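Encoded as structure tokens, the structure appears first; notes follow it.
Residue numbers (this note's numbering): -19 to 403.
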């Protein structure tokens, strides 16, 4: 691996300016058009972008909303989640996933993740629904109380949807795909957000398709559910000022829709570039002797001790586990779009400090799993209830990845990781 220290001195985690400069004229023209017609709320660009998303995903219906968090909330409202209803989800995700459940009075049921993909483990879900999981008895999880499931397509790789949908159909559960990090990802040739009953997308600026502020969208296949989403996002009114139910105020701003409408045609090329960067990282880690396959590591799902940094196992003391394409593998009809490039190592905190010293952007997602969060303490979970999620929270670190990332920047990152882990 070439020594790039003399030419590269810093690497950002994400460079939004590089993307903006490449499409600046298109974006500014789109914004000016909105400024000229002044239809700032539910203007024509909103409907045009919704149609674009239908064409892109193949979903039956699409409705823009104010944020990815609202996309989850609207989906659960349309699924009729009410006080006391149980909703199965993952503890290893952004807070909004469980927050939307709790806001409706629902009970988040946190089941552990697959330690390789970081996504909800279908085996855990099956055991829970059959009453065989230790949490089923503790939570008094009667079949009539379990109403829905929210699998998350984390970091850009889709969850294993076929077994999850089989279980959902068997137990009559509504499925909301949290596709906030997965626009453009595929599972067996099917796009994120089109397999479950609802798909929830986020256009937060750092997402692969990012707005210049908050924005979200819900995809739905069923016409009746779609109609309910369209009404709920405008205070539950249809026609205006006539309300059959209480909704929320959650509309995608016209300016944000115009920006997203301009950016969407570039998304696949950006995703392909992210995949290329991910492949180069893997090559660099292999050449540096740092890479280890997750199948060779014993401690991914069972950190010991259950607190402190990492798991302390020798096999990850001076190695990293790069992300592995499983459901996202092309040979299986998948597509991982690398919203994040997540590595794991037993010396995560030490590595993070060394990367900061070298001016290399990095981030922790997520240092406290949801089942360990203070606000969910009333549910009675312990760290040991979801050991794979707990372990991931102690070992994982996000490295810089974006379409414009240069090879020499990646080389600089891997050089400093090697230095840090061989100290």
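For each residue, glycine too, the CB sits at the ideal point set by N, CA and C.
Bear in mind that the values here come from a model prediction, so they are computed numbers and not experimental data.
| Check | Outcome |
| --- | --- |
| Residues that residue 170 bridges to, as DSSP identifies them | 167 |
| Member of 230, 50, 263 and 64 whose CA lies at the smallest distance from the CA of residue 77 | 50 |
| Residue environment, residue 462, which counts as buried when at least 16 other CB atoms sit within 10 Å | For the chain, the structure presents residues -19 to 403; residue 462 sits outside this window and is missing. |
| Residue nearest to residue 39 in terms of C-alpha spacing, selected from 203, -11, 127 and -1 | 203 |
| Where residue 492 sits in the DSSP three-state scheme | Absent from the structure is residue 492, since the part of the chain shown begins at -19 and ends at 403. |
| Cutoff 8 Å; reference residue 260; Cβ partners in own chain excluding five residues on either side | 387 and 390 |
| Cα-Cα separation, residue 273 to residue 160 | 27 Å |
| Reference residue 329; option with closest CA among 347, 184 and 318 | 347 |
| Cβ separation of residue 140 and residue 99, assumed to be a contact under 8 Å, to the nearest whole Å | 7 Å |
| Segment contact, 8 Å Cβ cut-off, at least three pairs: the stretch 228 to 248 with the stretch 359 to 375 | no |
| DSSP state of residue 197 mapped onto helix, strand, coil | strand |
| Assigned exposure category for residue 355 - 16 Cβ within 10 Å defines buried | exposed |
| Spatial distance of residue 211 from residue 29 (CA atoms) | 18 Å |
| For residue 45, the first and last residue of its enclosing beta strand (DSSP E) | 41 to 45 |
| Per-residue DSSP class, three states only, for residue 290 | Interpretation of residue 290 is limited by its pLDDT of 46, a score under 50 that renders its predicted location unreliable; the figure taken from the coordinates is listed afterwards. Correct three-state label for residue 290: coil. |
| Buried or exposed (CB count within 10 angstroms, at least 16 for buried), residue 399 | exposed |
| Paired residues, beta bridge with residue 21 - DSSP | 233 |
| Spatial distance of residue 47 from residue 194 (CA atoms) | 5 Å |
| Element boundaries [alpha helix (DSSP H), containing residue 161] | That residue, residue 161, is in no alpha helix (DSSP H); it is neither H nor E in DSSP. |
| Opposing strand residues paired with residue 66 [DSSP bridges] | 87 and 126 |
| Given 8 Å, three or more beta-carbon pairs between the stretch 123 to 138 and the stretch 213 to 221 | no |
| 7 Å Cβ shell around residue 230 - same chain, five flanking residues per side excluded | 45, 46, 50, 54 and 213 |
| Assigned exposure category for residue 266 - 16 Cβ within 10 Å defines buried | exposed |
| Stretch-stretch touch, CB-based, cutoff 8 Å, three pairs: the stretch 155 to 171 with the stretch 181 to 195 | yes |
| Distance, residue 209 Cα to residue 22 Cα | 15 Å |
| Proximity of residue 321 and residue 381 at Cβ, strictly below 8 Å | yes |
| Buried versus exposed call for residue 333 [16 or more other C-beta atoms within 10 Å across all chains shown] | exposed |
| Of the residues 57, 342, 352 and 349, the one placed nearest residue -6, counting alpha carbons only | 342 |
| CB of residue 26 within 8 Å of CB of residue 237, strictly | yes |
| Unbroken alpha helix (DSSP H) run spanning residue 265, endpoints | 247 to 267 |
| Check whether residue 296 and residue 277 have beta carbons under 8 Å apart | yes |
| Collapsed DSSP secondary structure at residue 376 in the structure displayed | strand |
| Burial state of residue 375, where buried means 16 or more other Cβ atoms lie within 10 Å | buried |
| Classification of residue 358 by the beta-carbon crowding that lies within 10 angstroms, buried from 16 upward | exposed |
| Same chain only: Cβ atoms within 8 Å of residue 14, ignoring 5 sequence neighbours per side | 20, 23, 25, 234, 235 and 238 |
| Secondary structure, alpha helix (DSSP H): runs of 4+ residues fully inside the stretch 300 to 331 | none |
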